[in-house]
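**Student:** Attaching a single structure in structure tokens format; questions to follow.
Residue numbers (our numbering), protein chains in the order written: chain P, 29 to 425; chain B, 627 to 749; chain W, 182 to 419.
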């Protein structure tokens with residue numbers, strides 16, 4: 029009989045013990061992979077959000093960093109404004125290749141279901157923009173017309189309609205940007221012309237009119253010349269442009285990143301503790317099981333199995349349980365995270381982008397290997413001990 | 627085991643209705659509201675199927691009920707995903723909670739009934 | 182075939198206490214013999230059997246199987262020897278509870294070369310047929326009676342066509358009728374050329390032996406001359 033068949037029979041035969049070990053590995057592997065997927069997903073989301081902004085530096089009103097971060101991450105409105113000439117001043121700083129200003133608005137709160145309740149609106153300048161315009165070139169092949177918008181990945185035309193109604197004005201959804209897992213997915217992008225058209229219409233068609241600020245902007249996105257030092261440029265912006273904050277894009281979402289780092293550390297410590305507990309529990313369960321089967325394993329040796337065979341048969345049992353538990357734990361947790369990612373993201377206000385298939389495969393692989401190593405380590409000592417026990421004594425027990 | 631799975635099917639059917647009731651949007655004439663009503667309509671025959679599986683001993687009847695249960699489980703999934711749907715916004719409870727919950731319950735229904743069918747045919 | 186030369190086994194319980202179940206035993210067993218060894222519980226019979234099979238190493242002396250000294254063998258060599266040359270019938274229930282009867286019987290063949298494993302199933306069925314339990318080859322051991330389980334153990338002991346079978350109380354826990362059936366089976370295979378060493382406490386089984394011994398005070402005494410008597414002379418009864 030092959031070793032694997034023998035191992036499977038013993039797993040079936042000692043059902044309760046096998047189930048206990050299987051579930052321990054399932055929970056451990058599931059938690060390990062689950063936390064890794066959440067952390068990886070959050071990091072992916074932050075990176076995707078930064079890429080969407082497309083800027084090396086973002087200039088915003090002074091002391092508005094936290095509001096800006098939150099607005100981008102969670103899709104809420106940032107009402108801070110600064111004079112429109114900030115863009116010109118920033119453009120004159122050495123090292124700056126191009127600048128583009130944006131205005132942040134939002135739809136009304138309490139709109140009908142399946143419509144847009146307090147959805148961020150970003151008004152961009154098509155003549156200077158370098159974030160949306162490249163997407164338009166590649167996907168639409170033309171600029172946006174008045175009355176057209178581009179939506180984040182979560183923006184949609186309500187069922188049964190052809191248009192999206194903003195302040196009572198019908199706009200056409202020309203396309204959706206790729207998901208970032210941040211508030212940018214719930215954001216609508218439009219040109220100044222469209223914003224003005226909506227504002228004009230809202231005077232008569234909306235409960236409250238839309239006001240597009242004149243002479244004021246919410247942010248300036250800065251693209252640097254190749255080789256320019258972002259830190260030096262941002263310092264010069266601070267020196268030369270009053271009442272603004274210049275955030276280098278790696279430092280964007282700074283508060284949130286610090287929180288994530290703290291969370292990472294906490295998760296890491298928790299995982300270490302969990303790993304030790306799992307190791308101990310599994311070692312204890314296997315030790316008990318192997319002790320109960322001392323005589324059986326001694327008989328196996330007596331009829332011709334070597335020590336190595338006995339050790340391998342016990343390790344085979346452990347490995348099958350480990351791989352099975354890990355596979356189910358990893359797959360189950362990932363499936364749950366995938367299905368409930370929206371809910372979790374809303375509840376915990378966490379930007380989250382589900383990792384790509386390649387990243388997932390790596391995470392799964394590492395999770396599975398780690399679970400296998402854990403179980404084998406846990407089992408090695410009792411298995412080795414039993415294979416070395418003097419047979420005559422083992423058979424007496 | 628058969629009885630356990632039969633009771634599980636009944637609980638899943640009830641669970642689908644309860645979860646839909648609490649996670650659909652408030653208001654009427656919305657896709658998620660129609661999906662909720664459709665889930666009630668599916669839960670009734672699914673509960674009946676679960677009762678049949680639990681109570682009856684004839685393997686043909688059990689197998690038949692299990693086959694019906696499998697198709698009902700598929701329908702539990704299809705209703706919020708394609709047949710009727712839920713609200714479009716991913717921020718809404720019906721999209722983020724009701725839909726995936728029904729998916730999982732549907733899968734559990736299908737898996738349970740496959741197990742029951744296999745057990746009935748094996749004897 | 183089997184030679185025990187000055188074999189002693191000591192177990193040290195602590196610094197002061199040592200128990201010696203086997204002391205200076207000398208025994209030569211030729212091919213085709215059926216040896217029975219009787220003795221009270223704790224007299225060292227099982228230890229002697231374990232020494233013969235290489236399951237335990239002697240403190241002094243040597244054990245030879247087909248002129249090969251077991252002391253010089255490592256674990257894998259001993260395992261191979263036990264697998265090919267020695268079959269073991271244990272006193273306690275020794276079938277693997279999660280394997281069927283057939284799987285239990287062919288289990289020892291799993292440690293041999295793959296080419297030999299193909300014939301294993303066929304041979305196992307033949308053995309089980311000879312034991313009269315082939316129709317139960319697909320059941321689990323817990324579904325068998327004590328006598329049937331013993332037959333399966335004997336079949337397993339014979340699956341690799343060993344030259345030697347060591348049987349430790351093969352008829353314990355069996356009724357008188359089944360006891361006789363088991364001994365008749367052993368006798369049948371003995372007559373086919375298998376050497377048996379049978380440890381028992383039942384004097385009635387001595388008559389099956391070619392030679393009989395008594396284990397007492399950790400020493401072996403030849404009692405072959407008394408093997409056909411219903412009871413031993415007073416001087417040999419303790």
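The C-beta atom is built at its ideal place from N, Cα and C for all residues, glycine as well.
When the cut-off is 8 Å and only beta carbons count, does residue 353 of chain P lie next to chain W?
**Tutor:** Residue 353 of chain P sits at position 325 when you count from the first residue of the first chain. Cβ-Cβ to chain W under 8 Å: no for residue 353 of chain P.
**Student:** Going by CA-CA distance only, name the one from P:407, P:70 and P:48 that's closest to residue 284 of chain P.
**Tutor:** The residue you call residue 284 of chain P lines up with position 256 of the first chain. Checked all of P:407, P:70 and P:48; the closest Cα to residue 284 of chain P is P:70.
**Student:** Take residue 396 of chain W as the anchor and find which of W:221, W:253, W:321 and W:342 has the nearest alpha-carbon.
**Tutor:** Walking along the third chain from the start, residue 396 of chain W turns up at place 215. If we check each option's Cα against that of residue 396 of chain W, W:221 comes out closest.
**Student:** What residues from chain B crowd round residue 133 of chain P, counting only those whose CB sits closer than 8 Å?
**Tutor:** Working through the first chain from its first residue, we reach residue 133 of chain P at position 105. Near residue 133 of chain P there are no residues of chain B at all, since even the closest Cβ is about 19 Å away, more than 8 Å.
**Student:** Could you check whether residue 281 of chain P and residue 94 of chain P sit closer than 8 Å to each other, using their CB atoms as the reference points?
**Tutor:** The sequence position of residue 94 of chain P within the first chain is 66, counting from 1. The sequence position of residue 281 of chain P within the first chain is 253, counting from 1. No, they are not a contact pair.
**Student:** Less than 8 Å between CB atoms is the rule here; does residue 186 of chain P satisfy it with respect to chain B?
**Tutor:** Counting from 1 along the first chain, the entry for residue 186 of chain P is found at position 158. Yes, its Cβ sits closer than 8 Å to a Cβ of chain B.
**Student:** Judging by CA-CA distance, which residue of P:176, P:239, P:244 and P:237 is the nearest neighbour of residue 216 of chain P?
**Tutor:** For the purposes of this step, residue 216 of chain P is identified with residue 188 of the first chain, where counting begins at 1. Considering only alpha carbons, the answer is P:176.
**Student:** Could you tell me the alpha carbon to alpha carbon distance between residue 407 of chain W and residue 341 of chain P, rounded to whole angstroms?
**Tutor:** Against the third chain, residue 407 of chain W aligns to sequence position 226. Against the first chain, residue 341 of chain P aligns to sequence position 313. Each residue's Cα considered, the two are about 47 Å apart.
**Student:** Go ahead and pull the three-state DSSP assignment for residue 314 of chain W.
**Tutor:** What you label residue 314 of chain W is simply residue 133 of the third chain in a count that begins at 1. Coil.
**Student:** Would residue 368 of chain P pass as an interface residue toward chain C - the criterion being a Cβ-Cβ separation below 8 Å?
**Tutor:** Reference to chain C is not applicable here, since the protein chains of this structure are P, B and W.
**Student:** If you drop the 5 nearest sequence neighbours on each side, which residues of the same chain put their C-beta closer than 8 Å to that of residue 147 of chain P?
**Tutor:** Numbered from its first residue, the first chain carries residue 147 of chain P at position 119. The residues are 103, 134, 135, 183, 214, 215 and 216.
**Student:** Determine the chain W residues that contact residue 37 of chain P at a beta-carbon separation under 7 Å, and present them in chain order.
**Tutor:** Here the question's residue 37 of chain P lines up with position 9 in the first chain. Those are 279 and 280, listed as they occur along chain W.
**Student:** Roughly how many angstroms lie between the CA atoms of residue 368 of chain P and residue 691 of chain B, to the nearest whole one?
**Tutor:** Start at 1 with the first residue of the first chain, and residue 368 of chain P comes out as number 340. Start at 1 with the first residue of the second chain, and residue 691 of chain B comes out as number 65. One C-alpha to the other measures close to 31 Å.
**Student:** Under 8 Å: do the segment 358 to 374 of chain P and the segment 59 to 78 of chain P share three or more Cβ pairs, one atom per stretch?
**Tutor:** yes
**Student:** Between which two residues does the beta strand (DSSP E) holding residue 183 of chain P run?
**Tutor:** Numbered from 1 along the first chain, position 155 holds the residue referred to as residue 183 of chain P. Note, residue 183 of chain P: premise wrong, no beta strand (DSSP E); not H, not E.
**Student:** Round the Cβ separation of residue 2 of chain P and residue 60 of chain P to the nearest angstrom and send it over; I've been treating them as touching at under 8 Å.
**Tutor:** Outside the modelled stretch of chain P, which goes from 29 to 425, sits residue 2 of chain P, for which no answer is possible.
**Student:** Residue 358 of chain W to residue 206 of chain W, Cα distance in whole Å?
**Tutor:** To locate residue 358 of chain W, count along the third chain from 1; it is residue 177. To locate residue 206 of chain W, count along the third chain from 1; it is residue 25. Using only the alpha carbons, I get a separation of about 34 Å.
**Student:** Please classify residue 94 of chain P: does DSSP put it in a helix, a strand, or coil?
**Tutor:** Indexing the first chain from 1 puts residue 94 of chain P at position 66. Note: residue 94 of chain P maps to helix in three-state DSSP.
**Student:** Please classify residue 659 of chain B: does DSSP put it in a helix, a strand, or coil?
**Tutor:** Here residue 659 of chain B refers to the residue found at position 33 of the second chain. Helix, per DSSP.
**Student:** Examine chain P for any beta-carbon lying closer than 8 Å to the beta-carbon of residue 289 of chain W, and answer yes or no.
**Tutor:** Locating residue 289 of chain W in the third chain gives position 108, where the first residue counts as 1. At least one beta carbon of chain P lies nearer than 8 Å to the beta carbon of residue 289 of chain W.
**Student:** Give a yes or no on contact between the segment 676 to 696 of chain B and the segment 727 to 745 of chain B, applying the rule of three or more CB pairs nearer than 8 Å.
**Tutor:** yes
**Student:** Of all the CB atoms in chain B, is at least one closer than 8 Å to the CB of residue 56 of chain P?
**Tutor:** The residue given as residue 56 of chain P occupies position 28 in the first chain. No, residue 56 of chain P lies away from the interface with chain B (no Cβ there is under 8 Å from its Cβ).
**Student:** With distances taken from CA atoms, which of W:283, W:300 and W:399 is nearest residue 310 of chain W?
**Tutor:** Your numbering for residue 310 of chain W matches position 129 in the third chain. Among W:283, W:300 and W:399, the Cα nearest to that of residue 310 of chain W belongs to W:283.
**Student:** Using beta carbons (cut-off 8 Å, strictly below), is residue 141 of chain P in contact with chain B?
**Tutor:** Here residue 141 of chain P corresponds to residue number 113 of the first chain, with the count starting at 1. With a pLDDT of 42 at residue 141 of chain P, under the threshold of 50, the predicted position of this residue should be treated as unreliable, and no value is reported.
**Student:** Please list, in chain order, the chain W residues whose beta carbon lies closer than 7 Å to that of residue 418 of chain P.
**Tutor:** Reading the first chain from its first residue, position 390 is the one you call residue 418 of chain P. In chain order: 237.
**Student:** How many Å lie between residue 223 of chain W and residue 688 of chain B at the Cα?
**Tutor:** Sequence index remark: in the third chain, residue 223 of chain W carries index 42 (1-based). Sequence index remark: in the second chain, residue 688 of chain B carries index 62 (1-based). Looking at the two C-alpha atoms, the distance is approximately 59 Å.
**Student:** Can you name the residues of chain B whose CB is closer than 9 Å to the CB of residue 214 of chain P?
**Tutor:** For the purposes of this step, residue 214 of chain P is taken as residue 186 along the first chain, with counting starting at 1. Per Cβ cutoff of 9 Å: 715, 716 and 717.
**Student:** Give a yes or no on whether the minimum CB-CB distance between residue 198 of chain W and chain P is below 8 Å.
**Tutor:** Translated into the one-based positions of the third chain, residue 198 of chain W becomes position 17. Not an interface residue.
**Student:** Identify the continuous beta strand (DSSP E) that holds residue 252 of chain P and give its terminal residues.
**Tutor:** The residue labelled residue 252 of chain P in the question sits at position 224 within the first chain. Residues 247 to 252.
**Student:** Taking the alpha carbon of residue 702 of chain B as the reference point, which residue from B:722, B:714, B:686 and B:646 has its own alpha carbon closest?
**Tutor:** Numbered from its first residue, the second chain carries residue 702 of chain B at position 76. Residue 702 of chain B has its Cα closest to that of B:646, out of B:722, B:714, B:686 and B:646.
**Student:** Within 10 angstroms of its Cβ, does residue 744 of chain B collect 16 or more other Cβ (buried), or is it exposed?
**Tutor:** For the purposes of this step, residue 744 of chain B is taken as the residue at position 118 of the second chain. Residue 744 of chain B is exposed by the Cβ-count criterion.
**Student:** Hey, does residue 47 of chain P have any beta-carbon neighbour from chain B nearer than 8 Å?
**Tutor:** On the first chain, residue 47 of chain P is found 19 positions in, with the first residue counted as 1. Closer than 8 Å: no.
**Student:** Using only CA atoms, which one of P:371, P:356 and P:306 lies nearest to residue 393 of chain P?
**Tutor:** Reading the first chain from its first residue, position 365 is the one you call residue 393 of chain P. With distances taken between CA atoms, residue 393 of chain P lies nearest to P:356 out of P:371, P:356 and P:306.
**Student:** Going by CA-CA distance only, name the one from B:726, B:634, B:650 and B:707 that's closest to residue 674 of chain B.
**Tutor:** Looking up residue 674 of chain B in the second chain gives position 48. It is B:634 whose Cα lies nearest to the Cα of residue 674 of chain B.
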